[in-house]
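Just so we're aligned, residue 4 is where the sequence shown starts under the working numbering, counting upward by one. Have a look at the structure below before the remarks.
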Amino acid sequence: MTTAMQQSMVLVPQGSLEGYIQAVNSIPVLTAEEERALAGRLQQDGDLEAARVLVMSHLRFVVHIARSYAGYGLPQADLIQEGTIGLMKAVKRFDPTVGVRLVSFAVHWIKSEIHEYVLRNWRMVKVATTKAQRKLFFNLRKAKKRLGWFSHDEVQAVANDLGVSPQEVLEMEARMSGQDVAFDGYEDDEQDSSYAPVHYLEDKSSDMALALENDDWEHYAEHKLSHALSCLDERSQHIIRRRWLDDDKATLQELADHYAVSAERIRQLEKNALKRLKDALEA
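Following this line, the structure appears as structure tokens:
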């Protein structure tokens with residue numbers, strides 16, 4: 004590495020985005036031979052200085068990619084920072100023997116980290132969680148810049164292009180057009196707080212006291228049933244469980260075969276056991 008290149012590999016200035024951009028743009032771009040040699044040192048010897056040089060010499064590309072995401076309303080410095088994390092991941096995984104330049108390999112990693120940051124911070128509530136939704140989000144936003152609100156034909160065309168259903172396109176378009184709203188409304192008197200979520204998100208059908216009462220009753224009923232069953236003889240308990248409580252309920256004939264009696268006898272035993280259970284539960 005030349006002396007001029009070594010001198011340019013300095014820590015970039017802090018606190019000034021423009022100063023940072025000027026500094027990274029002043030760092031010379033590595034030749035293919037220099038890049039392979041540095042990547043080889045990192046891969047074979049774990050040379051961290053070689054990794055630092057590879058990262059520093061490619062920061063200008065991170066800045067260039069991050070600028071293409073300026074339309075999301077997020078801080079440019081944060082986009083660059085996330086892209087730099089992606090660059091460092093790419094440097095760690097770069098194989099110089101494949102014959103591809105680092106910048107080509109790193110684009111995927113840089114964009115991936117920026118995409119994750121955008122999806123985490125573009126809205127308070129995530130607009131995309133699955134891989135398919137993430138792809139749809141970024142592609143749909145590009146399309147909307149050209150087309151604005153979609154017509155039926157445009158929705159179908161976008162769905163065909165991206166390999167998703169028209170319903171998924173409409174759902175993502177609705178998510179993207181939504182805005183974050185304060186739960187309690189706004190303190191500013193000029194803002195209309197009558198539509199704040201606090202006024203309509205409450206579940207009016209839910210009664211906590213009633214739910215607790217029902218829960219207590221279920222536990223009480225289960226306890227009484229368990230106690231009533233314990234008062235029956237073993238055969239009656241088995242018949243009631245197999246006929247009424249098991250998921251795979253038995254027929255009268257199956258129980259008759261089990262006890263070597265008639266089905267009518269099982270029916271009589273069942274009837275008597277149910278009467279005794281009823282008396283025990285009502286006591």
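Backbone N, C-alpha and C fix where the C-beta goes; we use that ideal spot for every residue, glycine too. Remember, it's a predicted structure, so these values are computed and weren't measured experimentally.
Listed in chain order, the non-local C-beta contacts of residue 87 below 6 Å within the same chain comprise 65, local neighbours out to five positions each way being set aside. Shortest Cα-Cα distance from residue 116 to any of 98, 90 and 96 involves 90.
Looking from the CA of residue 255, the closest CA among 248, 249 and 242 belongs to 242.
Contact annotation: the region 227-243 touches the region 263-282, with at least three C-beta pairs closer than 8 Å. Residue 75 carries a helical assignment under DSSP once its states are collapsed to helix, strand and coil. Buried is the label assigned to residue 112, since at least 16 other Cβ atoms lie within 10 Å of its Cβ. Between residue 94 and residue 57, the gap from beta carbon to beta carbon is short of 8 Å. Here the C-alpha atom of residue 72 lies approximately 60 Å from the C-alpha atom of residue 225. Around the beta carbon of residue 20, fewer than 16 other beta carbons sit within 10 angstroms, so the residue counts as exposed.
Taking the Cα positions, residue 167 is about 19 Å away from residue 122. In the structure shown, the three-state DSSP call for residue 165 is helix. The alpha-carbon of residue 239 is positioned some 24 Å away from that of residue 221. Assigned with DSSP and collapsed to three states, residue 19 falls in coil, not helix or strand.
In terms of Cβ geometry, residue 28 and residue 70 do not form a close pair [threshold 8 Å].
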